[in-house]
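Structure first, then comments.
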Amino acid sequence: MSNEQLDNRVTQLVRPEIRAINAYHVPPAQGMVKLDAMENPYRWPEDMRKQWTERLEEAELNRYPLPGADGVKLKLRQAMQIPEHYELMLGNGSDELIQIMAMAVAGSKRGILAPEPGFVMYSMIAKFLGLPYTGVPLTDDYELDLEAMLKAIDQEDPALIFLAQPNNPTGNLWGEEKIRRIIEASRGLVVIDEAYMAFTDSDLLPLLNDYNNVVVMRTLSKVGLAGLRLGILIGSNAWLNEFDKIRLPYNIGVLTQVSAEFALDHFDVLKGQTDQLRQDRETLFQALNAIEGFQPWPSEANFILVKVPTGRAAEIHSALKEQNILIKILDGAHPLLKDCLRITVSTPDENQALLNALKSIV
Ligand SMILES: *Cc1c(COP(=O)(O)O)cnc(C)c1O
231 MSNEQLDNRV
241 TQLVRPEIRA
251 INAYHVPPAQ
261 GMVKLDAMEN
271 PYRWPEDMRK
281 QWTERLEEAE
291 LNRYPLPGAD
301 GVKLKLRQAM
311 QIPEHYELML
321 GNGSDELIQI
331 MAMAVAGSKR
341 GILAPEPGFV
351 MYSMIAKFLG
361 LPYTGVPLTD
371 DYELDLEAML
381 KAIDQEDPAL
391 IFLAQPNNPT
401 GNLWGEEKIR
411 RIIEASRGLV
421 VIDEAYMAFT
431 DSDLLPLLND
441 YNNVVVMRTL
451 SKVGLAGLRL
461 GILIGSNAWL
471 NEFDKIRLPY
481 NIGVLTQVSA
491 EFALDHFDVL
501 KGQTDQLRQD
511 RETLFQALNA
521 IEGFQPWPSE
531 ANFILVKVPT
541 GRAAEIHSAL
551 KEQNILIKIL
561 DGAHPLLKDC
571 LRITVSTPDE
581 NQALLNALKS
591 IV
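Per this note's numbering, the sequence shown starts with residue 231, numbered consecutively.
This is the structure in structure tokens:
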């Protein structure tokens, strides 16, 4: 069969909107100072790594994992102080939880709505499933445009609304009052995405007590376990029982369960690391603010959005890459992100390396 025939077959079979997607791009990072993906730069102390590998040795890879990962859930409840009366569901990262919720509502005419710029997986997953997607622009200073949100909710009647608090890539909080207004206006389910909870005092979990159309999503990725892939959905039985039907039975593997339980037994170590990053975020913010023409945005997450002098984002991004430092360029991703770069807060040494490089470039 010729290449052309093969192409024809693929074209006929795969939906046009899928063929039009640019695959999610992860840049090569071997040997780089990695400040692009909100990872925790700290590893575990050596004795802890040793205890972990001992636990792994006991893991029974010949057996299927516990389907509900109950041991992990119990420890998550303790570590994150999640009250008894809320149900938990785990995903292979919160990405999988977003996908599960979207699958549960797919097929109706109602879609997904989220403020923009925001987390890209909300719109990508909508596209994968053929769901309508509405992005509502934030204001010029990245606040929620409540009027525009309420209007869009009224017009689109979305099945799912995603609100990341703090928001990625802007790093800010929008205030509980506006969030409440959106929940009250929505006939659909509002998902509060608290991926960055370790880096803020904000905690919107109590909203679950006041509304029956809210669930809260969290993850271990930004706490220091990005490689593990463990996302957490918290909400009432009524929602989670339905979503759980769509979850593939063994989505959390044996190695993940053993490792997550171990990590949660040592949550104080992770907390020490994220507290350190929180402190170093302020130092980095001040230093970025002192660079001529740079405008960093105050952040409640483990990254800082920076507006650089007009037209220079791409040049600064690639000059840093030349010096083995990887950050995220956002210029071009959304009109409100013109001239913007996003920098993950790292160790004092790596932050300093970044600042030195930036000073040599600008
Ligand atoms: C990083 C991030 C996530 C985490 O996704 P995982 O699949 O759990 O790694 C979720 N939401 C937002 C807003 C994020 O920035």
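The beta carbon of each residue, even a glycine, is placed where N, CA and C say it ideally should be.
Predicted model only: the values in this text are computed from it and were never measured.
Checklist entry - So, is methionine 231 buried or exposed, given that buried needs 16 or more other C-beta atoms within 10 angstroms? => result exposed
Checklist entry - In or out: leucine 478 buried (at least 16 other Cβ within 10 Å) or exposed? => result exposed
Next on the checklist: Could you check whether the Cβ of glycine 454 sits closer than 6 angstroms to any heavy atom belonging to ligand 1?
Outcome noted: no
Item to check | Presumed contact (8 angstroms Cβ cut-off) between serine 466 and glutamate 317, rounded CB distance | outcome: 6 angstroms
Item to check | alpha helix (DSSP H) segment containing phenylalanine 524, residue limits | outcome: Under the DSSP assignment, phenylalanine 524 falls outside any alpha helix (DSSP H); it carries neither an H nor an E label.
Item to check | Sequence-distant residues of the same chain with beta carbon closer than 8 angstroms to proline 275, five excluded per side | outcome: Val499
Next on the checklist: Run through the DSSP bridge pairs and tell me what arginine 572 is partnered with.
Outcome noted: Leu535 and Lys558
Item to check | Whole-angstrom distance between lysine 558 and isoleucine 355, CA atom to CA atom | outcome: 21 angstroms
Checklist entry - If you measure from the CB of asparagine 219, is any heavy atom of ligand 1 nearer than 6 angstroms? => result With the chain covering only 231 through 592, there is no way to say anything about residue 219.
Checklist entry - DSSP three-state call for serine 338: helix, strand or coil? => result Here serine 338 sits in strand by DSSP.
Item to check | Top-ranked residue by Cα proximity to aspartate 384, from Asp423, Val350, Leu343 and Glu424 | outcome: Leu343
Next on the checklist: Rounded to the nearest angstrom, what separates phenylalanine 349 and glutamate 373 at their Cα positions?
Outcome noted: 15 angstroms
Checklist entry - Leaving out five residues before and five after isoleucine 546 in sequence, what residues of the same chain have Cβ atoms less than 8 angstroms from its Cβ? => result Val538, Leu571, Leu588, Ile591 and Val592
Checklist entry - What are the boundary residues of the alpha helix (DSSP H) that glycine 301 is part of? => result 300 to 310
Item to check | Cα-Cα separation, valine 446 to leucine 304 | outcome: 17 angstroms
Item to check | Ranges of the beta strand (DSSP E) found wholly within the segment 357 to 389, counting only runs of at least 3 | outcome: 363 to 367
Checklist entry - Near glutamine 235, what residues of its chain come up, given a Cβ to Cβ distance below 8 angstroms and the 5 sequence neighbours on each side ignored? => result Within the same chain, no residue comes within 8 angstroms of glutamine 235 by CB-CB distance, once the 5 residues on both sides are set aside.
Next on the checklist: ligand 1 and asparagine 398: does the residue's C-beta get closer than 6 angstroms to at least one heavy atom of that ligand?
Outcome noted: yes
Checklist entry - Any idea what DSSP makes of glycine 461, helix, strand or coil? => result strand
Next on the checklist: Just to confirm my understanding: we take methionine 268, look at its own chain, exclude 5 residues before and 5 after, and list those with CB closer than 6 angstroms. What are they?
Outcome noted: Lys452, Asn532, Phe533 and Thr574
Next on the checklist: Only counting the same chain, and skipping five residues up and downstream in sequence, which positions put a Cβ closer than 7 angstroms to that of alanine 332?
Outcome noted: Ile342, Ile355, Ala356, Leu359, Leu361 and Leu390
Item to check | asparagine 581 versus glycine 418 - alpha carbon distance | outcome: If you take the alpha carbons of asparagine 581 and glycine 418, they lie about 42 angstroms apart.
Item to check | 6 angstroms Cβ shell around threonine 430 - same chain, five flanking residues per side excluded | outcome: Excluding sequence neighbours, threonine 430 sits near Pro396 and Glu530.
Checklist entry - By Cβ distance below 7 angstroms, which residues in the same chain neighbour leucine 585 in space, the five residues on each side in sequence not counted? => result Excluding its 5 nearest sequence neighbours in each direction, leucine 585 has C-beta neighbours in its own chain below 7 angstroms: Ala517, listed in chain order.
Next on the checklist: Please classify isoleucine 413 as buried or exposed, where buried requires at least 16 neighbouring CB atoms within 10 angstroms.
Outcome noted: Isoleucine 413 is buried by the Cβ-count criterion.
Next on the checklist: Checking the sheet assignment: what are the DSSP bridge partners for arginine 279?
Outcome noted: BP columns for arginine 279 are empty, so no partner.
Item to check | Every unbroken beta strand (DSSP E) inside the segment 385 to 471 [3 residues or more] | outcome: 390 to 394, 419 to 423, 444 to 449 and 461 to 465
Checklist entry - Is proline 295 closer than 7 angstroms to glycine 483 when the C-beta atoms are compared? => result yes
Checklist entry - What residues are listed by DSSP as bridge partners for leucine 320? => result Ile462
Checklist entry - Does ligand 2 have a heavy atom nearer than 6 angstroms to the CB of aspartate 510? => result What this structure holds is ligand 1, not ligand 2.
Checklist entry - Do you know offhand how far isoleucine 330's Cα is from isoleucine 476's? => result Those two C-alpha atoms are separated by around 6 angstroms.
Item to check | Integer Cβ distance of leucine 368 from proline 399, believed to fall under 8 angstroms | outcome: Leucine 368 to proline 399, Cβ: 11 angstroms. No contact.
Checklist entry - Can you name, in chain order, every residue of its own chain whose Cβ lies under 6 angstroms from the Cβ of serine 353, other than the five neighbours on each side? => result Tyr363
Checklist entry - Looking at aspartate 325 and ligand 1, is the gap between the Cβ and the nearest heavy atom below 6 angstroms? => result Yes.
Item to check | Which listed residue (Gln487, Gly523, Pro526 and Ala544) has its alpha carbon closest to that of arginine 293 | outcome: Gln487
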